[in-house]
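Residue numbers (our numbering), protein chains in the order written: chain A, 220 to 358; chain B, 220 to 358.
Following this line, the structure appears as structure tokens:
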């Protein structure tokens, strides 16, 4: 501790670039179409939502593992809301996470629900963003 | 307005998943090795830093375009610092952006510097994160 994470970007013309980090596959990135960007490429907005959602998943998996919760399947939809805020400008004000979890044993239902809540609270990316994060689970 | 951005994740075993969004290429994601994860896959931590850095680039490109600044090349290194914060837990406390910019005309040097500063202030992802963002430009 601390840990450091690198993500470098290189401009590739128009509103496009390429993201690189040691040992990671290169990733195209662009402004979204509504900001004079491009279709079909990951955008900063999508990466932001992806970061929160992926952290929610990995944190959930870690707590579930420690709690010996048997998971059959897990997926989560995430939607970020971008709007203009007085005095700040554009901001991602809200992210709604909709995890869909199937567990082995129905007796673990309440415990699973608590672990999902705990995952959101313990996620280091949730801790690092200003967006309000709402979790609407389906078990 | 508002705009919405989706990024869904599906668990693929161990500490790995796949990110998907309509019209975007699928992207593997995992916890980093230091959190019982995997090597060589994008992590939530890297995506977070990538999101800030890519937003900085696209915002810079937009302002430079509006200001008619002629850019020869642009790249930016970014490094996020993850540490434990009293009362919060793990948090990305700081991101250092190191843009490297080559412009056509040396008379635009000061203007270019101001546009870089403005880009950080106007970046909607910078507006949405708690991490302190430092810009150390090289022109």
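Backbone N, C-alpha and C define an ideal beta-carbon position, used for all residues, glycine too.
Since residue i sits in a beta bridge, which residues does DSSP pair it with?
{"i": "residue 287 of chain A", "result": "Note: residue 287 of chain A sits in no beta bridge, so no partner."}
{"i": "residue 321 of chain B", "result": "B:292"}
{"i": "residue 352 of chain A", "result": "A:314"}
Is it buried or exposed, residue i, if we count other Cβ atoms within 10 angstroms and call 16 or more buried?
{"i": "residue 177 of chain B", "result": "In this structure chain B extends from 220 to 358, so residue 177 of chain B is not present and cannot be described."}
{"i": "residue 320 of chain A", "result": "buried"}
{"i": "residue 276 of chain B", "result": "buried"}
{"i": "residue 238 of chain A", "result": "buried"}
{"i": "residue 264 of chain B", "result": "buried"}
{"i": "residue 311 of chain A", "result": "buried"}
{"i": "residue 245 of chain B", "result": "exposed"}
{"i": "residue 259 of chain A", "result": "exposed"}
{"i": "residue 291 of chain A", "result": "exposed"}
Which residues of chain B have a Cβ atom closer than 7 Å to the Cβ of residue i, listed in chain order?
{"i": "residue 349 of chain A", "result": "347, 348, 349"}
{"i": "residue 356 of chain A", "result": "Correct list: empty, because the minimum Cβ distance to chain B is about 14 Å."}
{"i": "residue 259 of chain A", "result": "242, 243"}
{"i": "residue 221 of chain A", "result": "300, 301, 302"}
Determine the chain B residues that contact residue i at a beta-carbon separation under 9 Å, and present them in chain order.
{"i": "residue 263 of chain A", "result": "269, 270, 271, 272, 273, 274, 275, 276, 277, 278, 342, 343, 344"}
{"i": "residue 292 of chain A", "result": "229, 230"}
{"i": "residue 288 of chain A", "result": "The premise fails here: residue 288 of chain A is roughly 13 Å from chain B at the closest Cβ pair, so nothing lies under 9 Å."}
In the structure shown, what three-state DSSP assignment does residue i receive?
{"i": "residue 294 of chain A", "result": "strand"}
{"i": "residue 332 of chain A", "result": "helix"}
{"i": "residue 340 of chain A", "result": "helix"}
{"i": "residue 277 of chain A", "result": "helix"}
{"i": "residue 226 of chain B", "result": "coil"}
{"i": "residue 314 of chain B", "result": "strand"}
{"i": "residue 235 of chain A", "result": "strand"}
{"i": "residue 357 of chain B", "result": "strand"}
Whose Cβ in chain A lies nearer than 8 Å to the Cβ of residue i?
{"i": "residue 256 of chain B", "result": "277"}
{"i": "residue 339 of chain B", "result": "Ordered by position in chain A, no residue passes the 8 Å Cβ test against residue 339 of chain B, which lies about 12 Å from the chain."}
Listing by chain order, which chain B residues have their CB less than 8 Å from the CB of residue i?
{"i": "residue 328 of chain A", "result": "None at all; the shortest Cβ gap to chain B is about 18 Å."}
{"i": "residue 296 of chain A", "result": "225, 227"}
{"i": "residue 168 of chain A", "result": "As displayed, chain A neither begins before 220 nor continues past 358, which places residue 168 of chain A out of reach and without an answer."}
{"i": "residue 281 of chain A", "result": "234, 250, 254, 255"}
So which residues of chain A does residue i contact, with C-beta pairs closer than 7 Å?
{"i": "residue 333 of chain B", "result": "Correct list: empty, because the minimum Cβ distance to chain A is about 17 Å."}
Would you mind telling me which residues of chain A sit closer than 9 Å to residue i, beta carbon to beta carbon, in chain order?
{"i": "residue 352 of chain B", "result": "What residue 352 of chain B touches in chain A: nothing, since even the nearest Cβ is about 12 Å away."}
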